[in-house]
Amino acid sequence: MADLDQLMGELNPAQLKAVQHPPHIPLQILAGPGSGKTKVLTMRIAYLTTYCHLPPWSICAVTFTNKAANEMRDRLFKLLGKDRTAQIKMGTFHALCAMFLRRFAKFVGLDGNFTVCDADESKKIITKLLKQYKDELVEKNVTLTENGALGFISKVKAKGWTADDARRHVEETNALPAQKRKSRNMGKFDPWEGELGRILATIYKDYEKSLREANSLDFDDLLMFGVKLFKSHAKASKWCRHVLVDEFQDTNTMQYELMVYIARACQCVTIVGDPDQSIYGWRSAEIENLAKMQNDFPTTQQLYLEQNYRSTGSILALSMAIVSQDKGRIQKTLHASHPQGHPPVLRVFPIEHVEAAFIAAEIKRLVAYSGGMLNWGDFVVLLRFNSHSRGIESALQKEGIPNRVLAGHKFFERMEVKDLLAYLQLVDNPHFVPAFLRVVNVPSRTVGEKTVSEITTRAQQLKISPLQVVERIVDGKIPDIKPPVKKKLASFVHTIRILRKYANDGVAPSKLINALVDSIHYKEHLAKTQPDADSRWDNVQELINFASEVEQSGPEEVVRRMFEADEALHEKDAEGTDGEESQEEWEDDLNDFDGDQSRGIAPGDTPLRLFLQASMLSTDTETGEEEKSKEKVTIATCHAAKGLEWPVVIIPAVQSGVFPSSRAEDVEEERRLLYVACTRAKGLLYLTHTTSRMMAGEFVPAYISEFISALHHDKKTKELFTETLPPLPPQDRKIIATVIGRPLPADEEVARRVSEYEKTSRHPAWGEHAPFLNPAMGDCGPEWQRQQFPSAPYKGFLQQKPAEISGHQQSLAQPISGPASFSSSSTLLTATQRAGVVRTAAPQASSSRQVMHRASSSASQQPKAGPSAVGIAFGKPTSLGTAVARQPTQVANARTATHSQSRHQTVPSMRQSSAGSSKEEPIDIDALPSVPVPTRVKPLTTKPVTAVSDRPSASHRDTSFAAPRLAPTQAASTNLRLPPSPAPPLTYCTPPSPKRSLPSSASGSSTTGSSSAIAASAAPAAAIPPTGVKRRLGMGRTVTGYTNKKFKPVAPGAS
DNA sequence: TTTATCGCCGTTTTT
DNA sequence: CGGCGATAAA
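Residue numbers (full-length UniProt numbering): 1 to 1055.
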């Protein structure tokens, strides 16, 4: 056990003050990122038990995620030992509520074996209900989607409204004159009024009814019923002496009320939070809870933790600059403990592919240039959307970089997993209709929709569950249905009954799954119905593993330990102080509990039930196998990254529409999200974006995030970034070593790694392995090259929405004349955008598909050198028949040539002059920009575009695309002697699929030119195809693609 | 009842 | 583009 005194001695004064704050004075700790808040929170718990002599079981510690709970538990193990830690009531609000509700279910009118209903199932219920009102909705001209309805209902549930409350609200609102309504809403849209409100209220009511009948609670219900329990039964929180809440800024109204009611007796509360990191407003988090708490606990005191121990100074400076743009925020500072370090890197790319390839390559380079100090596990790619992960994943795969995706519930959302869980849910809770509906016909028992609805109707008539109906039919107790269901469903009932028996006998969940899988021949079923049955079967195995893990962690024991001391408390407290429920009733319940406890299991805490609950309430990334993930690059959403840190953080797609998300309703929250993402970085931070993005199968222009571009309007903030990739000279290596707390590798080791790297790898950004030369990337290079692109001054990452550049819209929209030139891939796209041409039609495509002129139709009238001028054809799959294979030998030659030249060039070489843009040459090696000199922080010109026809100036080109590979001059500064690079192995370029053919001479040049790419299907065998990919999740589960439902047939032609 | 095809739709974030 | 529902056909 660690020495608490000693550890407390290591705290800074503010931290120490927070830890030692008197327990009875409510405390708000406002702690910036990296200020050691988890440390303080755990130490405070240790302090409360050790110095204030609060028994561990009297402490309630609430976290926002299970991961945070586990981490805290781990830390407390070390401080308090296993025994005492186990007694602390610790977990998420949801998990704690579930535990208490299982225990005291009957006090709030529930059964202890309720099933937690996940969002999917909720949605299905809503969908069904919504159908009933479809006609009415159409008639009243109201549009309401399932997601909409679910969202609206969830929002009010988070506020604590019951269905009746909602109904009342609607009635009241509708009774008001329209004028008044409007002013009350401050002009905002309120779904809970008018016809929509009325229908919503009805649906809410029905939804509640469905849930209750199914004996299940959704996530919001867990909180609502939790509040109900603690509010109406003060004794349920009798044990409590202190409540600690982590991530308080993310609590919603129900969670806040829970805290208040649990702390009702003791009034001792400690919360930790950071308004700047409030990123869950969309989930009804209420930042006002901070003020509310000061109100409800008038003696509340505040402490600030403003010392940042995580990030370098420059990372912190940028982060602060980002979040400070929010003028309404509470003023707060952060002091860096670490030196400045290399400034955050900001880079721009033409398309996501290139961006992703850059990221992969840069990771590789950093590992080498850090001399192995940085490993795969030290990198994270933080995304706004989960959906962005695929591109990054495959880019990493192509580079052979191990990676893992840290994504929410993915695993438990897999079709095969849900099927099996549904069976178990049904075994545990026969009333849980969603599970019944899911599996009556899995595997197919030829009971269709019609039969099922017959069953459910009858269930409603008899006021029993559908499962019971089926059981009775099979038992011959009630008559069969027309198509003889009795026979068809006998096996179903049989399976359920066997499992039920096993479960009652206390058979472990993992064994139950095994039995289940045997009983329904699930493997065969998968094989028959799923093309990727193998990996799905892997998932089944993984579910069994997960069950075993849960069993081993002994959840029954954990729960028992958490509650064991409470009974004594209640016995001692025989003279009831609150009259709400009779003493007898309470003690009856406790007696029930004691009875169960003699079997070692509390009511509602059967192994099966706990396993199911764990499946529903835990995200798969939280459990187990952390070791393995240490050697992998992490891909995660910004939300999922909260509370975590990495030596190197890379944030792609820092673009409008992504940061902030186009559908975000609170822009400030989006800004904070970016802030949270940036502050995860310890040593290096990268922000990248593209100038185009794929939407609905087409490229549309993309513009840098306003959060970033705004910083360029201010002289003070515009130098917070660099475009230079960190060359990691010794002093920088040292800084990183310090920041991430690792030994500095020897210079020799660095030199060795670097030379190794130089031998085997090329940074693909602008070397001979440029991603646009790589067939696997989509063969977009030569195509680009042959295009005639109007030139334009490079504006780099200052590229903005036309509308934002006042006075220049006109020029932006205008077609651009002047000599064609190929300056850089970025400029290329930019220029194209300016011309209003963003289109991906293959050259041979019919004219109707060719160009779409957004702003100016005259763009097409612009004389262009070749037919290819009308479209860009990168990465866009064409029909298989029309593409022609590019000739591998020529590609190889070109590559070698490029390479040998590039070695002698230390000057950036986007040198293809306008005159020399030699359209007819196969591949103009010189046209490929390569090996520019990394220059330190060259401030970018922010001059608005006036003369659009200007060609980029040399100085622009030099720095804008500073390549990662070190030029000799730079290399010297790192004290490394770089060996000459030998001819690169052709590892990047696998021969393209022979199936493809070139667009004859559509682009007017030789066959060396690429086809318009077939990004997906042309990927070499070594690369991972985009669908049907085996992915490893955090827990090491294999997951197949993204398909959750029926499989998608594999294209027969794809050999 | 199951399977194939078309066309429409949207395109956060998570307990 | 890809996922999904609705419709049509086997």
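For each residue, glycine too, the CB sits at the ideal point set by N, CA and C.
> Under 9 Å, do threonine 679 and serine 311 count as touching if we go by C-beta distance?
Replying inline: Using a Cβ distance threshold of 9 Å, threonine 679 and serine 311 count as a contacting pair.
> For lysine 89, which beta-bridge partners are listed by DSSP?
Replying inline: Lysine 89 is bridged to Cys60.
>> Among the candidates Val345, Leu382, Leu608, Asp518, whose CA atom is the shortest distance from the CA of asparagine 504?
In response: By alpha-carbon distance to asparagine 504, the top candidate from Val345, Leu382, Leu608, Asp518 is Leu608.
>> Under DSSP, the alpha helix (DSSP H) around aspartate 221 begins and ends at which residues?
In response: Looking at the DSSP string, the run of the alpha helix (DSSP H) that includes aspartate 221 is 219-232.
> Does DSSP put histidine 24 in a helix, a strand or coil?
Replying inline: DSSP places histidine 24 in coil when its eight states are reduced to three.
>> With the cut-off set at 9 Å, would you say phenylalanine 219 and valine 108 are in Cβ contact?
In response: When the beta-carbon positions are compared, phenylalanine 219 and valine 108 stay at least 9 Å from each other.
>> Within a Cβ cutoff of 8 Å, which residues of the same chain sit near leucine 467, ignoring the five residues on either side of it in sequence?
In response: So the qualifying residues of the chain are Leu426, Pro430, His431, Phe436, Ile496.
>> Quick check on the burial criterion: 16 or more other C-beta atoms within 10 angstroms. Buried or exposed for isoleucine 330?
In response: Per the 10 Å Cβ criterion, exposed.
> Counting along the chain, where does the beta strand (DSSP E) carrying methionine 694 start and finish?
Replying inline: Where methionine 694 is concerned, the enclosing beta strand (DSSP E) stretches over 692-695.
> Where does the unbroken beta strand (DSSP E) through glutamine 301 begin, and where does it stop?
Replying inline: Looking at the DSSP string, the run of the beta strand (DSSP E) that includes glutamine 301 is 301-305.
> Can the beta-carbon of serine 465 be found closer than 9 Å to that of glutamate 213?
Replying inline: Closer than 9 Å, so yes.
>> Let's test the definition: count the other Cβ atoms within 10 Å of the Cβ of glutamine 461 and tell me whether it reaches 16, buried, or not, exposed.
In response: Flag for glutamine 461 reads exposed.
> Who are the Cβ neighbours of lysine 486 in its own chain at under 8 Å, not counting the five residues just before and after it?
Replying inline: If we look at lysine 486 and ignore the five residues flanking it on each side, its Cβ neighbours are Ile473, Val474, Gly476, Asp480.
> Rounded to the nearest angstrom, how far is the Cβ of lysine 332 from that of glycine 32, given a contact under 8 Å?
Replying inline: Contact holds; Cβ gap of about 6 Å.
> At which residues does the alpha helix (DSSP H) containing glutamate 631 begin and terminate?
Replying inline: Neither: glutamate 631 is in no alpha helix (DSSP H) and is coded neither H nor E.
> Should glycine 34 go down as buried or exposed, given a rule of 16 or more other Cβ atoms within 10 Å for buried?
Replying inline: Looking at its Cβ environment, which holds 16 or more other Cβ atoms inside 10 Å, glycine 34 is buried.
>> Extract the residue ranges of the alpha helix (DSSP H) inside the segment 449-528, only unbroken runs of 4 or more that lie entirely within it.
In response: Secondary structure in the segment 449-528: the alpha helix (DSSP H) runs of 4 residues or longer, each lying completely within the stretch, are 449-462, 466-475, 485-488, 490-504, 509-519 in chain order.
> Would a C-beta distance cut-off of 9 Å place alanine 407 and serine 389 closer than the cut-off?
Replying inline: Yes; because the gap between Cβ atoms is below 9 Å, this pair is in contact.
> Cα separation between serine 755 and glutamate 669?
Replying inline: Going by the C-alpha atoms only, they are around 45 Å apart.
>> Is the beta carbon of valine 345 closer than 9 Å to that of alanine 636?
In response: For the 9 Å CB-CB criterion, alanine 636 and valine 345 do not form a contact.
>> Rounded to whole angstroms, what is the Cα-Cα separation between leucine 196 and methionine 186?
In response: Leucine 196 and methionine 186: Cα-Cα distance of roughly 19 Å.
> Does DSSP classify alanine 2 as helix, strand or coil?
Replying inline: Correct three-state label for alanine 2: coil.
> Does the pairing of the segment 408-426 with the segment 534-549 give three or more beta-carbon distances under 8 Å?
Replying inline: Yes: the two stretches touch, three or more of their Cβ pairs being nearer than 8 Å.
>> Below 8 Å on the Cβ atoms is my contact criterion, and I expect threonine 115 with leucine 612 to pass it. Report the Cβ-Cβ distance as a whole number of Å.
In response: About 7 Å separates the two Cβ atoms, so the contact holds.
> If we ignore side chains and look at the alpha-carbon of each, how far apart do phenylalanine 563 and glutamine 87 end up?
Replying inline: Within the model, the alpha-carbon separation for phenylalanine 563 versus glutamine 87 is close to 7 Å.
> Identify the residues that DSSP records as bridge partners of leucine 406: which are they?
Replying inline: Ala636.
> Hey, how far is the Cα of asparagine 215 from the Cα of aspartate 428?
Replying inline: Answer to the nearest angstrom: the Cα atoms are 11 Å apart.
>> If you measure between the beta carbons of glycine 643 and lysine 67, is that distance less than 9 Å?
In response: Closer than 9 Å, so yes.
>> I need the straight-line Cα distance from glutamine 301 to lysine 17, nearest angstrom please.
In response: Computed Cα separation, rounded: 12 Å.
>> Could you tell me the alpha carbon to alpha carbon distance between phenylalanine 358 and tyrosine 369, rounded to whole angstroms?
In response: The straight-line gap from Cα to Cα measures roughly 16 Å.
>> Taking 9 Å as the threshold (C-beta atoms), are aspartate 250 and tyrosine 280 in contact?
In response: The answer is yes: Cβ separation under 9 Å.
> Does the distance from the C-beta atom of tryptophan 57 to that of aspartate 666 stay below 9 Å?
Replying inline: Against a cut-off of 9 Å, the Cβ pair of aspartate 666 and tryptophan 57 comes out as no contact.
>> Taking the alpha-carbon of glutamate 556 as reference, which of Leu610, Ile315, Lys523 has the nearest alpha-carbon?
In response: Taking only the C-alpha atoms, the option nearest glutamate 556 is Leu610.
>> Suppose you measure from the CA of histidine 639 to the CA of phenylalanine 707; what does that come to, to the nearest Å?
In response: Our two residues, histidine 639 and phenylalanine 707, have alpha carbons roughly 18 Å apart in a direct line.
> Taking the C-alpha atoms as reference points, what is the distance between aspartate 714 and leucine 101?
Replying inline: A straight-line Cα-Cα distance of about 54 Å links aspartate 714 and leucine 101.
>> Buried or exposed for proline 484, going by 16 or more other Cβ atoms inside 10 Å?
In response: Answer is exposed; the Cβ neighbour count stays below 16.
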